[in-house]
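> Residue numbers (the working numbering), protein chains in the order written: chain A, 5 to 118; chain B, 43 to 606; chain C, 19 to 277.
#1: If you count every other CB in all the chains shown that lies within 10 Å of the CB of residue 174/B, and 16 or more means buried, which is it?
#2: Could you work out which residues of chain B lie near residue 58/A, taking near to mean beta carbons separated by less than 7 Å?
#3: Taking 7 Å as the CB-CB cut-off, is residue 38/A touching chain C?
#4: Where residue 503/B and residue 439/B are concerned, what is the direct C-alpha to C-alpha distance, given to the nearest angstrom?
#5: Residue 518/B by DSSP, collapsed to three states: which one?
#6: In chain order, what residues of the same chain lie with their CB nearer than 6 Å to the CB of residue 167/B, ignoring the 5 residues before and after it?
#7: Using 7 Å as the limit for Cβ to Cβ distance, is residue 162/B near chain C?
#8: Step through the CB atoms of chain C and report whether any lies within less than 7 Å of the CB of residue 269/B.
#9: Output yes or no for whether 7 Å exceeds the beta carbon distance between residue 571/B and residue 162/B.
#10: Do residue 531/B and residue 484/B count as a contact pair if the criterion is CB distance below 7 Å?
#11: From what residue to what residue does the beta strand (DSSP E) around residue 51/A run?
#12: Measuring alpha carbon to alpha carbon, tell me which residue in 122/C, 237/C, 207/C, 158/C is nearest residue 20/A.
#13: Excluding the five sequence neighbours on either side, which residues of its own chain have a C-beta within less than 7 Å of the C-beta of residue 47/A, listed in chain order?
#14: Since residue 187/B and residue 214/B should fall inside the 8 Å C-beta cutoff, what is the C-beta to C-beta distance between them, to a whole number of angstroms?
#15: Within 7 Å of any Cβ in chain C, is that where the Cβ of residue 604/B sits?
#16: Quick one: is residue 102/A near chain B, going by C-beta distance under 7 Å?
#17: Measuring straight from C-alpha to C-alpha, what distance separates residue 535/B and residue 393/B?
#18: Name the chain C residues that come within less than 7 Å of residue 585/B, Cβ to Cβ?
#19: Would you mind listing the alpha helix (DSSP H) stretches within the stretch 317 to 369 of chain B that are 4+ residues and don't spill past its ends, in chain order?
#20: Suppose you measure from the CA of residue 86/B to the CA of residue 322/B; what does that come to, to the nearest Å?
#21: Just checking, does the stretch 193 to 200 of chain B make contact with the stretch 255 to 273 of chain B on the three C-beta pairs under 8 Å criterion?
#22: So is residue 24/A in contact with chain B if we call contact Cβ pairs under 7 Å?
#23: Can you find a C-beta in chain C that's less than 7 Å from the C-beta of residue 44/A?
#24: When the Cα atoms are used, what is the spatial distance from residue 244/C to residue 134/C?
#25: Suppose you measure from the CA of residue 165/C to the CA of residue 174/C; what does that come to, to the nearest Å?
#26: Please identify the residue among 216/B, 373/B, 468/B whose C-alpha is closest to the C-alpha of residue 611/B.
#27: For residue 554/B and residue 53/B, I'd like the C-alpha separation in whole angstroms.
#28: Buried or exposed: where does residue 255/C fall if 16 or more other Cβ atoms within 10 Å of its Cβ makes it buried?
#29: How many whole angstroms separate the CB atoms of residue 105/B and residue 70/C, which I take to be in contact at a CB cut-off of 8 Å?
#30: By the criterion of Cβ-Cβ separation under 7 Å, what are the contact partners of residue 67/A in chain C?
#31: Within its chain, find whatever has a CB closer than 8 Å to the CB of residue 155/C; leave out the 5 residues flanking it on each side and keep chain order.
#32: Which of helix, strand or coil does DSSP assign to residue 289/B?
#33: Residues bridged to residue 271/B by DSSP?
#34: Anything in chain A within Cβ reach of residue 366/B, meaning under 7 Å, just list it in chain order.
#35: Could you check which residue in 235/B, 310/B, 248/B has the C-alpha nearest to that of residue 266/B?
#36: Within 7 Å (strictly less), CB to CB, does residue 98/A reach chain B?
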């Protein structure tokens with residue numbers, strides 16, 4: 005019974021070494037993001053009236069990387085079924101729809117009537 | 043069993059002189075109040091839900107009666123304008139949150155989904171029970187609030203009216219809706235998990251009954267949309283209690299933000315309400331035309347498409363509220379797209395009927411009503427999704443008529459269709475056919491008299507949510523109220539005869555409709571564990587030939603037993 | 019009388035082994051519920067259910083994040099100045115504490131999978147300690163806000179923003195320019211969102227800590243080291259999710275601009 009348990013049980017046990025590496029990476033990310041906030045990283049003038057500031061982009065990028073590490077390794081998504089991966093992706097997608105489409109209204113208000 | 047091949051005629055009842063309701067079934071398994079209040083059996087929970095939503099439906103319906111009575115005269119004759127505001131608000135809140143959203147999923151969905159997929163119960167029975175308790179707490183809270191003065195903001199809680207300018211029970215009502223929302227989330231979560239993980243051997247996704255697909259799509263909406271409503275209500279409560287200002291323009295907030303967050307849920311909510319009803323119609327149309335649903339794959343995918351696209355169109359409720367023109371353009375375009383999958387379903391049902399052997403039992407009458415009325419309601423939605431015409435029609439009775447056509451003419455008819463269709467399975471007894479057909483026709487006529495004039499009123503410019511109106515609108519209003527009284531009769535009759543049938547209805551047997559679907563292979567009412575052994579699904583959905591083979595095999599076996 | 023439906027005895031879709039018990043009351047571990055055909059199905063199902071619950075949480079916080087992003091975009095300067103009132107020291111400290119608690123939680127799951135009771139207990143207790151530390155630091159930060167009259171509502175004061183020099187510790191670090199009155203008033207929006215978001219997060223921490231305490235008692239009794247790890251695993255998912263929310267809150271609330 006136990007051999008069958010191991011055979012069909014695709015459950016991958018993540019090793020503590022992996023966890024420690026990820027932990028280290030998360031700490032590095034935290035330090036980086038605090039550091040980055042102390043510098044003015046400039047902006048990108050895409051078009052008149054449309055500027056992208058790099059500070060928030062960097063902060064969110066680092067936060068997203070940290071999030072991905074937690075999701076993939078601490079939450080085992082890297083070793084999970086396709087269904088789990090799809091579920092996580094669906095959650096992020098819906099979050100982005102909520103934020104993105106709402107912000108689309110706010111950002112385009114200043115564009116005037118037509 | 044009827045000696046003829048059972049496929050061509052519909053209603054096949056066992057010999058009434060010898061037939062009995064099976065002694066051991068989910069209703070008789072255990073007795074006592076606690077066995078019901080602490081049950082994990084999805085069928086018992088479905089029964090609890092059925093009784094509860096009927097209760098809330100009648101409160102909501104009574105409020106509707108009050109609205110129509112008030113609108114008989116152009117002046118505010120029956121009640122003060124403030125009271126009228128409370129009446130239509132509570133009507134909306136009770137009907138939407140405590141009747142329509144849980145109606146098909148929590149009753150029929152809970153009852154049928156495990157059986158349809160060949161499982162013994164839903165994946166999370168305790169969560170299912172919790173879901174019912176949350177619903178009851180939320181619902182009772184809502185009714186209590188109503189009795190102690192109610193709320194008068196409209197069911198949409200629009201800010202800053204709801205946060206700053208009314209002194210009614212906004213916070214308590216918001217709390218009631220918040221709690222009921224979690225009931226919905228847990229039901230949806232349970233369904234998704236069950237459908238993914240508990241299908242019996244052989245039950246592939248494309249062998250599932252379309253009712254399961256529809257509930258699955260609705261469940262996605264419940265799980266992803268309802269939490270946004272929850273946080274919106276929390277923000278309204280905080281703003282009202284502490285005067286913060288995230289929706290208050292004087293403090294730098296934005297009332298439109300509330301509307302974005304509110305409608306992000308409330309638009310998918312309408313698909314939560316209609317999708318399970320569409321699932322019922324698929325089952326009923328197939329059974330009563332003795333044909334598999336035309337374009338099964340298209341109908342299945344269209345359910346999911348409605349769910350996905352339904353998340354992208356919410357700002358079509360906000361065209362006149364101050365969103366940017368560009369946003370209005372995008373949302374209008376997407377709204378046009380979301381109409382397509384719904385239309386695909388209607389076409390597929392129509393093609394199912396074509397060359398089918400159609401009979402007109404009560405569930406089928408309601409299904410026909412659905413198809414016609416939902417089509418009208420849906421088409422009028424296109425006028426509202428077009429920004430230009432929406433400017434004229436929004437906040438008028440045209441909107442009221444539109445959503446009542448889809449919700450009442452559509453959803454409620456689908457609910458009644460489903461209740462009649464699965465009544466024999468649920469209770470073991472048939473409802474009386476003639477009076478139920480009469481009630482269905484009365485409902486259809488009453489509905490049209492009530493709500494069709496409201497389209498005209500809306501086009502003529504009568505605003506919604508007004509207790510008084512210009513005298514030239516009175517004739518149509520009187521017409522509408524007269525229709526409402528007929529509609530009321532149409533809804534009362536089922537309560538009476540369905541209750542009557544519990545004791546005096548004909549014994550139904552396992553499969554009175556000769557329908558396909560695993561639930562019809564069990565006894566009526568079913569055992570607590572649904573199946574004595576987990577079935578193996580070896581045929582496609584709506585496979586009437588398989589059913590015929592089954593019946594022939596059974597008759598053969600009985601013949602052999604008899605001849606021995 | 020035989021049922022017309024075909025009979026199955028642990029069909030392939032449910033389990034690969036032919037001898038999974040499926041009859042009236044076959045052999046199964048005591049923690050397997052009767053409507054499941056196998057422990058694998060039960061574990062798989064409950065894991066999926068927890069992920070779906072986390073999806074609802076993403077959307078729940080999503081409303082708050084949307085509101086925050088809009089307000090920050092509208093009142094950028096006010097938000098910058100208001101964010102300077104938050105201590106980078108405590109904020110970074112809290113972030114490190116919570117990440118550490120995620121690490122110890124992951125190690126707890128590993129301990130349960132490896133059936134090591136003592137190790138599990140140690141890591142669960144460490145997670146608890148870190149969680150309580152987080153809440154303690156939060157308490158310190160909130161108390162500081164209370165003292166400086168930065169809690170939105172009747173006692174809110176814009177003094178620190180109208181006249182930044184009246185707040186020497188913050189002024190020393192950032193040398194903010196005085197804000198005009200209408201902009202200064204918008205800092206209250208920032209603090210409302212700050213308290214709403216960190217408050218909602220803290221509420222989720224408190225619930226998590228409550229369940230953690232329950233788990234520690236059960237772990238002591240050996241409940242999770244006999245092969246049935248799903249409770250610890252699923253709680254771990256919840257705990258990591260709360261950590262992720264904080265990662266974003268820290269980046270958005272504390273690190274708007276410190277230059």
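C-beta: ideal position from N, C-alpha, C; glycine also.
In terms of the structure at hand:
#1: For the purposes of this step, residue 174/B is taken as the residue at position 132 of the second chain. Per the 10 Å Cβ criterion, buried.
#2: What you label residue 58/A is simply residue 54 of the first chain in a count that begins at 1. By Cβ distance, chain B contributes nothing, its closest Cβ being about 26 Å from residue 58/A, past 7 Å.
#3: Position 34 of the first chain holds residue 38/A. So yes, residue 38/A belongs to the interface.
#4: As a first step, residue 503/B is located in the second chain; it is residue number 461 there, counting from the start. As a first step, residue 439/B is located in the second chain; it is residue number 397 there, counting from the start. A straight-line Cα-Cα distance of about 8 Å links residue 503/B and residue 439/B.
#5: In the second chain, counting from the first residue as 1, residue 518/B sits at position 476. In the structure shown, the three-state DSSP call for residue 518/B is helix.
#6: Here residue 167/B refers to the residue found at position 125 when the second chain is read from its first residue. Same-chain partners within the cutoff: 82.
#7: As a first step, residue 162/B is located in the second chain; it is residue number 120 there, counting from the start. It does; some Cβ of chain C falls within 7 Å.
#8: Numbered from 1 along the second chain, position 227 holds the residue referred to as residue 269/B. Judged by the 7 Å Cβ criterion, residue 269/B is in contact with chain C.
#9: For the purposes of this step, residue 571/B is taken as the residue at position 529 of the second chain. For the purposes of this step, residue 162/B is taken as the residue at position 120 of the second chain. One thing to note: residue 571/B has its Cβ within 7 Å of the Cβ of residue 162/B.
#10: Looking up residue 484/B in the second chain gives position 442. Looking up residue 531/B in the second chain gives position 489. Yes, the Cβ-Cβ distance between residue 484/B and residue 531/B is below 7 Å.
#11: The residue you call residue 51/A lines up with position 47 of the first chain. In the DSSP annotation of this structure, the continuous segment of the beta strand (DSSP E) that includes residue 51/A starts and ends at 47 to 51.
#12: The residue labelled residue 20/A in the question sits at position 16 within the first chain. Out of 122/C, 237/C, 207/C, 158/C, 122/C has the C-alpha closest to the C-alpha of residue 20/A.
#13: Within the first chain, the letter at position 43 stands for residue 47/A. Closer than 7 Å at the Cβ level, and outside the excluded window around residue 47/A, lie 55, 56, 57, 58.
#14: Sequence index remark: in the second chain, residue 187/B carries index 145 (1-based). Sequence index remark: in the second chain, residue 214/B carries index 172 (1-based). At roughly 5 Å, the Cβ-Cβ gap stays under 8 Å, so residue 187/B and residue 214/B are in contact.
#15: Locating residue 604/B in the second chain gives position 562, counting from the first residue. Not one chain C Cβ lies under 7 Å of residue 604/B.
#16: Within the first chain, residue 102/A is the residue found at index 98, counting from 1. Yes, its Cβ sits closer than 7 Å to a Cβ of chain B.
#17: Translated into the one-based positions of the second chain, residue 535/B becomes position 493. Translated into the one-based positions of the second chain, residue 393/B becomes position 351. Separation of residue 535/B and residue 393/B (C-alpha to C-alpha, rounded to the nearest whole angstrom) is 32 Å.
#18: Position 543 of the second chain, counted from the start, is the residue given in the question as residue 585/B. Chain C residues near residue 585/B: none, gap ~13 Å exceeds 7 Å.
#19: With a minimum length of 4 residues, the continuous alpha helix (DSSP H) runs that stay inside the stretch 317 to 369 of chain B are 338 to 351.
#20: If you number the second chain from 1, residue 86/B lands on position 44. If you number the second chain from 1, residue 322/B lands on position 280. In a straight line, the C-alpha of residue 86/B is about 20 Å away from that of residue 322/B.
#21: They do not touch, by the three-pair rule.
#22: As a first step, residue 24/A is located in the first chain; it is residue number 20 there, counting from the start. Among the residues facing chain B, residue 24/A is not included, as its CB has no counterpart in that chain under 7 Å away.
#23: What you label residue 44/A is simply residue 40 of the first chain in a count that begins at 1. Put simply, the CB of residue 44/A is near chain C, with a gap under 7 Å to one of its CB atoms.
#24: For the purposes of this step, residue 244/C is identified with residue 226 of the third chain, where counting begins at 1. For the purposes of this step, residue 134/C is identified with residue 116 of the third chain, where counting begins at 1. If you draw a straight line from the Cα of residue 244/C to the Cα of residue 134/C, it comes to about 9 Å.
#25: The residue given as residue 165/C occupies position 147 in the third chain. The residue given as residue 174/C occupies position 156 in the third chain. Between residue 165/C and residue 174/C, the alpha-carbon positions lie close to 11 Å from each other.
#26: The structure shown does not extend to residue 611/B, since chain B is modelled only from 43 through 606, so no value can be given for it.
#27: Working through the second chain from its first residue, we reach residue 554/B at position 512. Working through the second chain from its first residue, we reach residue 53/B at position 11. Looking at the two C-alpha atoms, the distance is approximately 5 Å.
#28: Residue 255/C sits at position 237 when you count from the first residue of the third chain. Buried is the label assigned to residue 255/C, since at least 16 other Cβ atoms lie within 10 Å of its Cβ.
#29: Your numbering for residue 105/B matches position 63 in the second chain. Your numbering for residue 70/C matches position 52 in the third chain. With a contact defined as Cβ atoms closer than 8 Å, residue 105/B and residue 70/C miss out at about 35 Å.
#30: Start at 1 with the first residue of the first chain, and residue 67/A comes out as number 63. Near residue 67/A (Cβ distances below 7 Å), the residues of chain C are 265, 266, 269.
#31: Residue mapping note: residue 155/C aligns to position 137 of the third chain, counting from 1. Correct list, in chain order: 108, 111, 112, 115.
#32: Translated into the one-based positions of the second chain, residue 289/B becomes position 247. Residue state, collapsed to three classes: coil.
#33: Taking the first residue of the second chain as position 1, residue 271/B is located at position 229. DSSP output for residue 271/B lists no bridge partner at all.
#34: For the purposes of this step, residue 366/B is taken as residue 324 along the second chain, with counting starting at 1. Simply 109, 112, 113, 115.
#35: The sequence position of residue 266/B within the second chain is 224, counting from 1. That would be 310/B, whose Cα lies nearest to the Cα of residue 266/B.
#36: In the first chain, the residue the question calls residue 98/A occupies position 94. Contact with chain B is found for residue 98/A, since one of that chain's Cβ atoms lies less than 7 Å from the residue's Cβ.
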